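Before any comments, here is the structure.
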Amino acid sequence: MTTADAKAYGAVPQEAVGLDVQDHVDVADYQTIGEPYVENAKMSARNVNVYYGEKQAIMDVSLDIGENEVLSMIGPSGCGKSTFLRSLNRMNDIIPICRVHGDIQLDGEDIYGSGQDTVLLRARVGMVFQKPNPFPKSIYENVAYGPRIHGLAHSKAEMDEIVETSLRRASLWEEVKDVLDQPGTGLSGGQQQRLCIARAIAVSPEVILMDEPCSALDPIATARIEELIDELKERFTIAIVTHSMQQAARVSQRTAYFHLGKLIEVGDTKQIFTMPRHELTENYITGRFG
Amino acid sequence: MQTSTVFLTLLALCVVSFFVGRHKSRLIGMAGGGLQSLHSLPTHYGYMAALWAGLPALLLFVVWLAVEGSVVRSLVIASLPAEVRAQGVDQLGLYYNQLVGHAVGNIEPASLDATQLAASAVYNEVMNYSRNLKMLLVCLVAIIGGMLAVMRVKPDLRARNHVESIFTWILFSCSFIAVLTTLGIVLSVLFEAIRFFQAISITDFLFGLQWSPQMAIRADQVGASGSFGFVPLLVGTLLISAVAMLIAVPVGLMSAIYLSEYASRRFRSITKPVLEILAGVPTVVYGFFAALTVAPFIRNLGESVGLSVASESALAAGLVMGIMIIPFVMSLSDDIISAVPDTMREASLGMGATMSETIRKVLLPAALPGIVGGILLAVSRAIGETMIVVMAAGLSAKLTINPLEAVTTITVQIVTLLVGDQEFDSPKTLAAFALGLVLFFVTLLLNVIALYVVRKYREQYE
Ligand SMILES: Nc1ncnc2c1ncn2[C@@H]1O[C@H](COP(=O)(O)OP(=O)(O)OP(=O)(O)O)[C@@H](O)[C@H]1O
Ligand SMILES: [Mg+2]
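Residue numbers (the numbering used here), protein chains in the order written: chain A, 1 to 290; chain B, 1001 to 1462.
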């Protein structure tokens, strides 16, 4: 691919994708390598195209997320990982210029169907964002926010119970149990991110989407979150976007590699990292691009 | 004319100093092996020279202007014959003013005596001298200052830091002037108010239920009661403000929420400026609207349901005042709500909250300190508003909380007290200062409450 061709796709700044190593790869009509489908799919996306106004950010992506698995999504900056992740719980609806075409199902139900309610959908598919974003409320209120909205607790005792379990699952309970009435924004970055995870799991979602949850954290806090993800997969299905190859290798069972809005390759994490079948994937994971 | 000449000369000297300073630093820099050998940029040396030329001279100029009048006066008076000087202070003042009036050409010589004419010549002479001396000294100081600065230009002179600290001082003195003038205003109001309280007891003023400031000009005048109880005014003010806020806060806040969260960008970009223009309409226009349209409408409406409504009512004034304040509340709240970071919206929506839950539970609490601040500002505006009340609520100081009756407010009474033809030290006019003082304290109290509320929520939400 020439530089001019790359410009025609218009999606990614040159330095991000390293044009010099992709000369013979035509991304435009590309079939995903590997097995995007699984048997026990929790969520399944078929031929998904996402547009921001005129610009296409996701091109014909089909991908399953299996029950109780951790799927990691990697790829150069601007390749559409966040866009794809956000279309899984319709967070893209907030952006007026964003349009999602294709079919995305949760437990066999079309989430963009006419009868679908984003309120219920987002209760089932929770999200943790790149930057910790606790509400400027107390730690308790942060966790209780979702259960309140969805009417999950019928008494103060039940709410206390939910808050405690969620904080325990997010392995934050020991650190904050005496300061539950303190503002959540007063915690450290790593604690804040765990608080956000606790907030997300307080409504007992079935799927948790994480968009670079550790990018603002130090190695120790990152390690704790990774441990946490490992424990959480017992109960939840998790899709995580990450820029850290090691993180993807450590926490996920399957890995999907995105490039310029295309799903290039997907497969077992081990296979992807030891024997990538596509040159782009190999270049990316070995750091040989640009 | 004279003043502006000095001013322009000074400005020119500053500009010259700038260029000389800059040029010299360049020369020195080049000689020392390039401009990098200088501590600061050549322009900094230029600015330094200009400031040194300008500031001391300007200071001298201002001081000169301030004392010139009294020095000239004492010089001229000293030249007068002893028997003229022996007059009383007031008479001498009048005498002096007359001769000055002649000197500047406002008074015909026919109305003055010979001594005055002579003194007026002396006055002109002294003034002339002073003018020339002023011009000379100011220029001299400017030149010396500029030269000193230029002479000090050396590679290791920290002109950049120097200029920086001079600017800090200039900024400081400006804020100091602002504080000082405010203090001056408060003090002058306070002193006049104290004079008022010497005539009328402070308890009568604060707790009296009757306001009718009719002082007798002649001893035998009828209808001069002279009671100065300010409670009816306070109640009237609060009543009208309350009506206004009841209109402005809900409507303003909700339209702000609509604009910032729901409206399309296009709608917002058109609506907001239009509403802000509305906020700039002079209040007298609103007053028209209140008196000619709203008040009769309310009266007719009241009559049709069997209520007796005064043709000027607190309700009419409050309603229109509320309408006037809506854009104010809306614009402030909109800015504050929009300033809540998007990550908060995403977090809440991502939890499955609807937009209105997000607004109620996340955005409004986060924006609350700012909104409260905005509302209290709006209240201050309502309390200080005069024109609409004069036109739509009347002047009768009735003690009532019925919004259908005519009431009056503190600001309106201040106006009516001061436009009368009473002498300036009668309790009637002095009462205006007492009212002003009270108004000052009421707004001060509001601000204290605002600060308290804002701080309380800060603690809770950060
Ligand atoms: N709100 C938006 N409006 C318009 N274009 C957008 C918007 N968000 C993303 N895009 C575009 O869509 C493409 C994919 O963006 P996306 O955020 O999904 O990338 P990403 O893979 O998550 O990148 P990163 O690793 O940097 O987070 C980019 O070209 C980006 O410019
Ligand atoms: Mg992203």
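A virtual CB, placed ideally from N, CA and C, is assigned to each residue, including glycine.
Since we're looking at a predicted model, the values are computed, not measured.
#### Entry: Extent of the continuous beta strand (DSSP E) to which Cys98 of chain A belongs
Per DSSP, the unbroken beta strand (DSSP E) holding Cys98 of chain A starts and ends at 98-106.
### Message
Under 8 Å, with one C-beta from each stretch per pair, do the stretch 1164-1176 of chain B and the stretch 1026-1041 of chain B reach the 3-pair mark?
### Response
no
### Message
Is there a Cβ of chain A sitting closer than 8 Å to that of Glu1357 of chain B, yes or no?
### Response
yes
### Task
Report, in whole angstroms, the separation of the C-beta atoms of Leu1399 of chain B and Leu1209 of chain B, which I expect to be a contact under 8 Å.
6 Å
#### Entry: Partners in chain A for Val1362 of chain B, counting only beta-carbon separations shorter than 7 Å
Phe135
### Query
Given that a residue counts as buried once 16 or more other Cβ atoms are within 10 Å of its Cβ, and exposed if not, what is Ala202 of chain A?
buried
#### Entry: Same chain, Cβ closer than 8 Å to Ile1107 of chain B, neighbours up to 5 away in sequence not counted
The beta carbon of Ile1107 of chain B sits closer than 8 Å to those of Gln1098, Gly1101, all from its chain and outside the five residues before and after it, given in chain order.
### Message
Please classify Arg259 of chain A as buried or exposed, where buried requires at least 16 other C-beta atoms within 10 Å of its C-beta.
### Response
Correcting the residue type first, residue 259 of chain A is His in the shown sequence and not Arg. Buried: at least 16 other Cβ atoms inside 10 Å.
### Query
What residues in its chain sit with their C-beta under 8 Å from that of Ala1367 of chain B, if we drop five residues either side in the sequence?
Ser1333, Ile1336, Ile1337, Ala1339, Val1340
### Task
Taking C-beta pairs closer than 9 Å, name the residues in chain B that Phe236 of chain A reaches, listed in chain order.
None at all; the shortest Cβ gap to chain B is about 15 Å.
### Task
Would you mind reading off the limits of the alpha helix (DSSP H) that contains Ser1269 of chain B?
1265-1279
### Task
Within 10 angstroms of the Cβ of Arg1195 of chain B, are there 16 or more other Cβ atoms? Answer buried if so, exposed if not.
exposed
### Under 8 Å (Cβ pairs) to chain B, residues found in the stretch 114-147 of chain A
Thr118, Val119, Leu120, Leu121, Arg122, Ala123, Gly126, Met127, Phe129, Lys131, Asn133, Pro134, Phe135, Pro136, Lys137, Tyr145, Gly146
### Message
In whole angstroms, give me the CA-to-CA distance for Trp1064 of chain B and Asn1447 of chain B.
### Response
40 Å
### Query
Of the choices B:Thr1443, B:Arg1160, B:Leu1117, B:Ser1356, whose alpha-carbon is the least far from that of Met1048 of chain B?
The candidate whose alpha carbon is nearest that of Met1048 of chain B is B:Arg1160.
### Message
If distances are taken between C-alpha atoms only, which option among B:Ile1144, B:Ile1028, B:Glu1083 comes closest to Ala1050 of chain B?
### Response
B:Ile1144
### Beta-carbon neighbours of Gly1373 of chain B, restricted to chain A and to distances below 9 Å
By Cβ distance, chain A contributes nothing, its closest Cβ being about 17 Å from Gly1373 of chain B, past 9 Å.
### Query
Got a sec: is the Cβ-Cβ distance from Ala1366 of chain B to anything in chain A below 8 Å?
True, the Cβ-Cβ gap to chain A drops below 8 Å.
### Query
When we look at the beta-carbon of Leu1445 of chain B and count the other beta-carbons within 10 Å, is it buried (16 or more) or exposed?
exposed
### Task
Just the chain B side, please: which residues come within less than 7 Å of Ile149 of chain A by C-beta, in chain order?
Met1351, Gly1352, Ala1353, Glu1357
### Message
Could you check whether the Cβ of Glu1261 of chain B sits closer than 8 Å to any Cβ belonging to chain A?
### Response
no
### Query
Is Asn47 of chain A buried or exposed, if buried means 16 or more other CB atoms sit within 10 Å of its CB?
exposed
### Query
Relative to ligand 2, is the shortest distance from any of its heavy atoms to the C-beta of Val241 of chain A smaller than 7 Å?
yes
### Query
In this structure, what does DSSP give as the bridge partners for Ala153 of chain A?
Paired residue(s): none; Ala153 of chain A is not in a bridge.
### Task
Pull up the distance between the alpha-carbon of Lys131 of chain A and that of Leu1234 of chain B, whole angstroms please.
51 Å
### Query
Sorry if obvious, but does the Cβ on Glu1346 of chain B come closer than 7 Å to a heavy atom of ligand 2?
Glu1346 of chain B Cβ: outside cutoff for every heavy atom of ligand 2.
### Status (buried if at least 16 other CB within 10 Å, exposed otherwise) for Ala1119 of chain B
buried
### Task
Please confirm whether any heavy atom of ligand 1 lies closer than 7 Å to the CB of Lys81 of chain A.
yes
### Message
Please report the straight-line C-alpha distance between Val1407 of chain B and Leu1395 of chain B, rounded to a whole angstrom.
### Response
If you take the alpha carbons of Val1407 of chain B and Leu1395 of chain B, they lie about 7 Å apart.
### Query
Does the separation of the CB atoms of Gly1409 of chain B and Thr1283 of chain B fall below 8 Å?
It is Thr, not Gly, that sits at residue 1409 of chain B in the sequence shown. Cβ atoms of Thr1409 of chain B and Thr1283 of chain B: not closer than 8 Å.
#### Entry: Which residues DSSP lists as bridging Phe258 of chain A, in chain order
Partner(s): A:Leu263.
### Message
Could you give the first and the last residue of the continuous beta strand (DSSP E) run that contains Gly126 of chain A?
### Response
In the DSSP annotation of this structure, the continuous segment of the beta strand (DSSP E) that includes Gly126 of chain A starts and ends at 125-128.
### Query
If you draw a straight line from the alpha carbon of Leu1011 of chain B to that of Phe1018 of chain B, how long is it in whole angstroms?
11 Å
### Query
So, helix, strand or coil for Asp211 of chain A, using DSSP?
strand
### Message
I'd like to confirm the pairing. Which residues does DSSP put opposite Ala237 of chain A in its beta bridges?
### Response
Here the sequence assigns Thr to residue 237 of chain A, which means Ala is not the residue at that position. In DSSP, Thr237 of chain A forms a bridge with A:Val207.
### Task
Would you verify that the beta carbon of Val21 of chain A is, or is not, closer than 8 Å to some beta carbon of chain B?
Interpretation of Val21 of chain A is limited by its pLDDT of 41, a score under 50 that renders its predicted location unreliable; no figure is taken from the coordinates.
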